[in-house]
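Numbering (UniProt numbering), first residue to last: 1 to 248.
For every residue, glycine included, the Cβ atom is placed at its ideal position computed from N, Cα and C.
Below, the structure is given as structure tokens:
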């Protein structure tokens with residue numbers, strides 16, 4: 001029986017890509033899944049593809065009131081939260097000297113501050129039950145410098161890894177696990193949105209054949225939730241990328 005059977009899972013950024021695949025992967029293992037993102041219609045479409053019990057919460061994780069509403073909705077429905085998956089994220093492709101401060105702040109709000117805020121909300125609930133799992137989807141870019149012109153993005157993902165590493169230490173012996181999932185290049189719509197999207201698509205196009213699928217990343221991640229490793233490498237490609245660039 002899966003470790004997730006009967007567990008209550010919140011997944012942010014669940015309307016597409018890795019987040020949608022994570023929702024399906026958790027659901028087929030018997031989890032009750034709260035899907036959260038800004039795009040309500042797409043969330044509803046994803047929920048239909050999940051075989052288990054789900055709920056859809058349209059929200060913006062950069063807004064504190066929306067984060068609280070999401071947590072409240074899950075607790076009202078299922079009375080607890082067992083797993084938080086911080087998956088919402090955006091990219092930023094630009095040379096360092098061309099990166100605008102406003103773009104950097106917007107990136108950090110989604111990729112780091114929302115992780116911080118969501119985790120602060122669910123942690124007291126998990127402490128009360130003496131168990132739980134917090135998984136933040138970072139990137140191999142949270143461990144290594146795997147590409148040029150993404151210094152701001154790398155900084156955000158390194159911040160997620162650092163926060164998670166510190167929190168894991170803080171929560172030793174509490175029954176609450178903290179992990180980061182670090183996929184490498186994944187074939188999703190990620191490269192089609194955000195600052196520098198046109199340039200990103202040009203760079204990514206010849207690499208599509210080398211990318212993991214969102215489904216493979218989700219399966220590899222979900223299989224390791226609550227297990228021992230702090231860093232989850234969802235696929236062989238993500239681990240190989242880390243080994244290749246780790247000393248640069």
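{"Check": "Residue 108 beta carbon near the ligand NAD (any heavy atom closer than 7 Å)", "Outcome": "Ligands are entirely absent from the displayed structure, and the ligand NAD is therefore not among its contents."}
{"Check": "Opposing strand residues paired with residue 55 [DSSP bridges]", "Outcome": "34"}
{"Check": "At least 3 beta-carbon pairs within less than 8 Å: the stretch 30-44 vs the stretch 55-65", "Outcome": "yes"}
{"Check": "At least three beta-carbon pairs within less than 8 Å, the stretch 151-161 to the stretch 79-93", "Outcome": "yes"}
{"Check": "Any beta strand (DSSP E) of 3 or more consecutive residues that is wholly inside the stretch 106-138", "Outcome": "132-137"}
{"Check": "Simplified DSSP assignment, three categories, for residue 228", "Outcome": "coil"}
{"Check": "Any 3 or more C-beta pairs closer than 8 Å across the stretch 212-232 and the stretch 164-184", "Outcome": "yes"}
{"Check": "Residue nearest to residue 45 in terms of C-alpha spacing, selected from 66, 21 and 68", "Outcome": "21"}
{"Check": "Candidates 87, 117, 76 and 99: closest to residue 66 by CA position", "Outcome": "117"}
{"Check": "Within-8 Å CB hit, residue 122 to chain C", "Outcome": "The question asks about chain C, but that chain is absent: this structure has only one protein chain."}
{"Check": "Contacts around residue 109, its chain only, beta-carbon distance under 6 Å, and the 5 residues preceding and following it disregarded", "Outcome": "62"}
{"Check": "Residues bridged to residue 85 (per DSSP)", "Outcome": "11 and 135"}
{"Check": "DSSP bridge partner residues for residue 18 (one or two, in chain order)", "Outcome": "Looking at the DSSP assignment, residue 18 forms no beta bridge with any residue, so it has no partner."}
{"Check": "Bridge-paired residues (DSSP) for residue 92", "Outcome": "195"}
{"Check": "Local Cβ density within 10 Å of residue 166, reported as buried at 16 or more and exposed below that", "Outcome": "exposed"}
{"Check": "Nearest candidate by alpha-carbon position, reference residue 242, set 213, 139 and 215", "Outcome": "139"}
{"Check": "Nearest-angstrom Cα separation, counted from residue 111 out to residue 87", "Outcome": "9 Å"}
{"Check": "Proximity of residue 132 and residue 182 at Cβ, strictly below 8 Å", "Outcome": "no"}
{"Check": "Minimum C-alpha distance to residue 173 - residue among 193, 127 and 7", "Outcome": "127"}
{"Check": "Local conformation of residue 180 per DSSP, three classes", "Outcome": "strand"}
{"Check": "Under the three-state DSSP convention, the category residue 213 falls into", "Outcome": "strand"}
{"Check": "Contacts around residue 235, its chain only, beta-carbon distance under 8 Å, and the 5 residues preceding and following it disregarded", "Outcome": "183, 184, 212, 216, 217 and 220"}
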